[in-house]
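Working notes, beginning with the structure itself.
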Amino acid sequence: LAKAGFTLALGNGQKSELRFHSSPDGAAIIPLNDGYVYVSNSEMRQGEGGVYGIYFDHDGNVMDYKMLLSGTTRNCSGGTTPWGTFVSCEEYGNGQCWQVDPDPLSKHHPKPEKTKLGGDGGNFEAVACDDRNLEQPIFFVTEDLKSGALRRYTPPMTIPGTAAGWDALHAEGGTTEFLVFLEDNSFVWSCDEWLGRYSQEKYFPNVEGIVFREGLLYFVSKRTSKLYVLDLDNGTYTASSTKDYSLYSGEFKNRPDQLATNDGEFLYFTEEGGQTPGVYAIDAEGQSYAIFEAYDSKYFNDETTGLAFSPDGTKMYACFQDCGCEVSGDIDCGCLFVFWRTDGRSFDGATLGLKFH
């Protein structure tokens, strides 16, 4: 669909004004009135990163491509909010989390803002949101550092009966707490940042992707190659090795990276490094599947990124961050693919024979 350094083909037969960004990383799909937008980070260094949007109509035709955030560094992953915006995380020592509104009709569209999520800064990776209470949704932010700290941010309460919105991530009065594992497979949230960093270094160093679904918080550590599942209501957790998933289908033997869900029971993973970087999934019973893998030698030690699904679940978007470029991080690194089922069903739909390449 797109290659770094080249313009995009638009549905009207023309080309985009901008060339596709290099080092594409975390992404999300956000529905709009006239279609949807694929919001994609660029992990370029030294202020050359940012956020871009590919705009599609309801049929999946590319209508526009433009920059949404500029002047930032190593925009890694992020996440969406209940009110339809994207939070982009910078992954370097003084990184921050920026709120971006991709809707061209929104008053916030021209002016992205730094949020309260990042505090004093850090090597931030991804964001998830517990949206069960729309008046006060709770946000979780991961940090890709051995001694990082997985944080929970609770914004100030809105006016009763009013759903939270843009200002929830910028207003004063929110609280930040840090995840602390206990010895009995239970956990607590602590205001002590040092304790949170100690716990991450001991139990789950270098946290990458994170998602929330039905009271459960899922995240992965690339250093331990484990998936952790927190039961937020009961304060307990479980852990499983992602390397065990390779026993069933495919070659998911390297570091787990980003997480994503579609409209069904599957939890999807991207992969960093190895000879066959790909996208994988597990179902509710823990059975694992290879969705796609890259066997060409030009993809060796690449990483799959930018995993997202169209609003109807029928199209899957994913990137290779290098995509065969000679020097990782150069301006020509990265490409975006779109996948679909030949029967037109959702990727999580019934009768999907998931064991394919």
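Heads up: the sequence shown runs through residues 2 to 358, numbered per the working numbering. Backbone N, C-alpha and C fix where the C-beta goes; we use that ideal spot for every residue, glycine too. This structure is a prediction, so every number in the text was calculated from the model and none was measured.
Contact between Lys316 and Val339 holds, since their C-beta atoms are separated by about 6 Å, short of 8 Å. Annotated as proximal: Gly197 and Leu151, with beta-carbon spacing under 9 Å. Within the region 234–266, there are no complete alpha helix (DSSP H) runs of at least 4 residues.
Partner residues in the beta bridge of Ile31, as assigned by DSSP, are Val38.
Rounded to whole angstroms, the separation of the alpha carbons of Phe57 and Glu266 is 26 Å. For Gln100, the enclosing beta strand (DSSP E) covers residues Cys98 to Val101. With 16 or more other Cβ atoms inside 10 Å of its own Cβ, Ser222 counts as buried. Going by DSSP, Gly197 is part of the alpha helix (DSSP H) stretching over Glu194 to Tyr204.
If you draw a straight line from the Cα of Asn76 to the Cα of His22, it is about 12 Å long. For Glu294, the closest C-alpha among the options Glu272, Gln288 and Arg256 is that of Glu272.
When secondary structure is reduced to three states using DSSP, Leu135 falls in the coil class, being assigned neither helix nor strand. About 12 Å separates the Cβ atoms of Tyr37 and Ala28, ruling out a contact at the 8 Å cut-off.
In the DSSP assignment, Glu327 falls outside any beta strand (DSSP E), carrying neither H nor E. Between Leu9 and Ile55 the beta-carbon gap is near 7 Å, inside 8 Å, which marks them as a contact. The count of Cβ pairs closer than 8 Å, one atom from the region 135–144 and one from the region 155–171, reaches three, so the stretches are in contact. Within the DSSP bridge table, the entry for Asn76 names Glu91 as partners. Shown here, Tyr296 sits in coil according to DSSP, grouped into three states, outside any helix or strand. Residues of the same chain with a CB within less than 7 Å of the CB of Lys244, apart from the 5 flanking positions on each side, are Ser226 and Lys254 in chain order.
Going by beta carbons, Gly307 and Leu337 fall inside the 9 Å limit.
Non-local beta-carbon contacts of Asp26 in its own chain, meaning distances under 8 Å to residues more than five positions away in sequence, involve Ser41, Asn42, Ser43, Glu44, Asn76, Cys77, Ser78, Thr306, Gly307, Cys320 and Gln322 in chain order. Counting of Cβ neighbours within 10 angstroms places Lys117 among the buried residues, the total reaching 16 or more.
In this structure, Arg46 lies near Gly330, with their beta-carbon atoms less than 9 Å apart. A check of alpha carbon separations from Leu228 across Asp60, Cys326, Val328 and Tyr269 identifies Tyr269 as the nearest. Taking C-beta atoms under 8 Å as the contact rule, Val208 and Leu217 fail to qualify, at a distance of about 16 Å. Around the beta-carbon of Gly122, fewer than 16 other beta-carbon atoms lie within 10 Å, marking it exposed.
A direct Cα-to-Cα measurement between Gln201 and Ser187 gives close to 14 Å.
Bridge pairing for Phe348: absent [DSSP].
Take the alpha-carbon of Asp333 and the one of Leu2: they are about 15 Å apart. With a contact defined as Cβ atoms closer than 8 Å, Leu260 and Val212 qualify at about 5 Å. Burial is judged here by how many other beta carbons sit within 10 angstroms of a residue's own beta carbon; Asn34 has fewer than 16 and is exposed.
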